[in-house]
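Sequence order for the protein chains is A, B and C. Throughout, our numbering is defined as the position within the first sequence, counted from one, plus 11. Throughout, our numbering is defined as the position within the second sequence, counted from one, plus 1269. Throughout, our numbering is defined as the position within the third sequence, counted from one, plus 136. Each residue gets a CB set at the ideal place from its N, CA and C atoms; glycine is no exception. Here the structure is laid out as structure tokens; the discussion comes afterwards.
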Amino acid sequence: MNETLKKYVKVSLTLGLIASISAVLIGVANAITAPVIKQNEVQSEASSLLAVYGGSSSDYVSYDVSDLNLDYVTKGWTFSPTGDYVFKAYGKNGYGDISLVVGIEKDGDLGKIVIITDTETYKNKLEPNYVDAYNSSDDKSSALDDVKCGATYGAKLIQSMVTEAHEIALGLKKTELLAIDFTEESENE
Amino acid sequence: MSELKKNNIHKESFISGIWKQNPLFVAMLGTCPALAVTTSFEASFGMGLLFLFVVTCSNTLISLLKKIIPEEVETPCYIVIIAAFVTLTKMFTNAFLPELYSSLGVFLSLLVVNCIVLGRAQAFANKNTVVDSILDGIGNGIGYTIAISIIGIVREILGTGMLTIGGIFTFIPKFSIPVLKFVNSSGVVVYDYSMSLFTNPAGAFIVFGLIVAIIQANKLHQKNVESVNKKKELALKKSQALEKGAN
Amino acid sequence: MANAITAFLLAIVSSMLIDNVVLNRFYGICAFVGVSNKVKSAFSMGVAVVFVIVFASLICWPIYTFVLTPLNIPFMDTLTYILVIASLVQVVGLFIKKYSPALYKSFGIYLPLITTNCAVLGVVQNNTDTGLNFALSMANAIGTGVGFLVIICVFSFIRMRLEESNVPKAFRGVSIALLTAALMAIAFMGFSGIIS
């Protein structure tokens, strides 16, 4: 009885030692890296904003979109030199999630898309076939609908995110117009 | 004499991991990351370096604790230690090399179940000294990095036509070496002989299969040369014996 | 309701055909390349893998959502998952040993090898990395398991034929198996884009 007890005590002590070594290692690593990771996130958001319209980060004034009932868009900015809008959107589908910023010009035309993170398994088909083609085309709204890449689910997700951002921009534009005159209610771009 | 032998053992455990017992091409272990992350040279090189770190650290710790770990709970203990180091690697990579982290994806976590890491722990680190285990870990890591980088270079050059450096390790200024595809400074494609099959999964299988075939052909050739030499020696001895007998 | 069922079935089909677990995502390659030429052992290993993947996802997703995230330690996921998987494989092994010793013998070395199968940990980790909800995680797991089973059986059939044909000496063994897998991967590339 004593022998088996000793064996169990020895085994559990060893396991406890190994578990505590691992916990210490992971805890120290977490303490070192967690603030750096947060800073990286903020910086990647800032640099993707700059990639849409250029300028410097102080040109982007944030706009409150939290009172609207939104599926994808999480933040909005106005680019103060020209008055264009930039929206950040986040969405999930069955293959992963996408987080991007899209620029909408103040007269309602669609602007550039810059993807921040894309964890889909098909991301290497999505970006060259869809996003790059969209960014380099002149007629962006038909390029948005031209979903003919090997990653149709991801493209549809981006399509819905950009459409929602577009509607918000038109809505903001509408409230500006409404402030001036009450006649227009059409939804053309 | 024993000093020389000890040095030879150190050297042997280091060199064997690099070429003779290369974990990827000879022992055929750890093939999942070797096919999945090798779409670009930089990603595969980064994966190799992280693998080197994990294997060395886990070998060291297991060799330090080898007298304490009882035999019944060997495997779970090794798994916990390896998982701790992999989590540590993940966190540091996420913090300091975020592009590498996002291009490796889930395969960084899969280093935990990489057969090589577990294999070296069970076959080598729990029987040998700490110094030998460290050398063995570094040797295996270097061998794996070389092997996986070869696949990465071949796939990237054949698949995209250019060798891009600086895309993931952003402290290096980004430049591309044109091999099969050349785009001049105004953006016009001068020539493009790249085959995009090689950036697809099918291309990974093709490249890996061909490299294994080349190595196997080399081995067969060596065996052939050896057996031919042996036959010559035997024939020489026979003819010498006959001459002696005739005399 | 119909929408949810459609999404569920679609997720299963996509893990099996479109985003194939072995040929596209490269998850079970070690076992895939080392699988024996006998169809029976390949089939039994595939069934065991399906079991382990489904139960592992069933256990690990709630652990991540209800234990790790509220306690603010999401980085402990890899460690937790691999411990769960290792113990699950032990439990499955004991179960099989008790109820069917012949089957246990036919598994041989393959049962402990399931612990180091990238597919199991890969699917479980992927489910929580990409933030899928419970139904989609289970669909992903079932699809991956069944896809792995189908591919491994097909591949062992093909390898059986390859054994009898006259392969050049340098290509014998693993090399010709990999090139065959390449052809299969090209065939499966045709499925991409099928869901729109």
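Query, Result
"Within 10 angstroms of its Cβ, does M1360 (chain B) collect 16 or more other Cβ (buried), or is it exposed?", "buried"
"Could you give the residue range of the beta strand (DSSP E) that holds L111 (chain A)?", "G107 to I115"
"L1489 (chain B) versus chain C: which residues are under 7 Å apart at the beta carbon?", "K305 and A306"
"Taking only beta-carbon positions, decide if P1345 (chain B) is within less than 9 Å of chain A.", "yes"
"Mind listing the chain B neighbours of C254 (chain C)? Cutoff is C-beta to C-beta under 7 Å, in chain order.", "C1301, L1379 and V1382"
"In chain A, which residues lie less than 8 Å from F211 (chain C) when you measure between Cβ atoms?", "I37 and N41"
"Using a beta-carbon distance below 9 Å, is T251 (chain C) in contact with chain B?", "yes"
"Please state if the CB of F1283 (chain B) and the CB of F1322 (chain B) are separated by a distance shorter than 9 Å.", "no"
"Against K103 (chain A), what residues of chain C qualify as contacts under a CB-to-CB distance less than 7 Å, listed in chain order?", "G267"
"What residue range is occupied by the uninterrupted alpha helix (DSSP H) comprising I1420 (chain B)?", "V1399 to T1429"
"For I1480 (chain B) versus F1294 (chain B), is the C-beta spacing smaller than 9 Å?", "yes"
"Let me know if L1387 (chain B) comes out buried or exposed under the rule of 16 or more other beta-carbons within 10 Å of its beta-carbon.", "buried"
"Whole alpha helix (DSSP H) runs in the segment 246–325 of chain C with 4 or more residues, listed along the chain?", "246–249, 254–265, 270–300 and 310–325"
"Starting from the beta carbon of V1355 (chain B), find every residue of chain C whose beta carbon is closer than 7 Å, and list them in chain order.", "T214"
"Answer yes or no: do V1375 (chain B) and G258 (chain C) have a C-beta to C-beta separation smaller than 9 Å?", "yes"
"Straight-line CA distance for N1487 (chain B) to V169 (chain C)?", "21 Å"
"How is the alpha helix (DSSP H) around A1394 (chain B) delimited, first residue to last?", "From DSSP, A1394 (chain B) is part of no alpha helix (DSSP H); its letter is neither H nor E."
"With a cut-off of 9 Å, does the C-beta of F1361 (chain B) fall near any C-beta of chain A?", "yes"
"Are L168 (chain A) and K103 (chain A) touching if we call contact CB-CB under 9 Å?", "yes"
"Please confirm if T130 (chain A) has its CB atom under 9 Å from at least one CB of chain B.", "yes"
"Just the C-alpha distance for I209 (chain C) and A30 (chain A), rounded to the nearest angstrom, thanks.", "16 Å"
"To which residues of the same chain is A1352 (chain B) closer than 7 Å at the C-beta, ignoring the five residues directly before and after it?", "V1381"
"Taking buried to mean at least 16 other C-beta atoms within 10 Å of its own C-beta, is Y83 (chain A) buried or exposed?", "buried"
"I1331 (chain B) and N1291 (chain B): beta carbons closer than 9 Å?", "no"
"Could you tell me which whole alpha helix (DSSP H) segments of length 4 or greater appear in the segment 1304–1352 of chain B?", "1310–1333"
"Would you say Y106 (chain A) and Y164 (chain A) are within 9 Å of each other, going by their C-beta atoms?", "yes"
"Restricting to Cα atoms, I'd like to know which of B:M1297, B:S1463 and B:I1437 is closest to L1369 (chain B).", "B:I1437"
"Can you list the residues of chain C that Y83 (chain A) reaches, using a CB-CB cut of under 8 Å?", "Going along chain C, no residue has its Cβ under 8 Å from Y83 (chain A), so there is no contact; the nearest lies around 14 Å."
"To the nearest angstrom, report how far apart S73 (chain A) and S110 (chain A) are at their CA atoms.", "18 Å"
"Give the DSSP-derived three-state secondary structure of F193 (chain A) in the structure shown.", "At F193 (chain A), the pLDDT of 43 sits below 50, so the modelled position is not reliable; the number obtained from the coordinates is stated separately. If DSSP states are grouped into helix, strand and coil, F193 (chain A) belongs with coil."
"Against chain B, does N160 (chain C) count as a neighbour if the rule is that its beta carbon must be under 9 Å from one of theirs?", "yes"
"Identify, in the order they occur along the chain, each residue of the same chain with its Cβ nearer than 6 Å to the Cβ of D1401 (chain B), setting aside the five sequence neighbours on each side.", "S1282"
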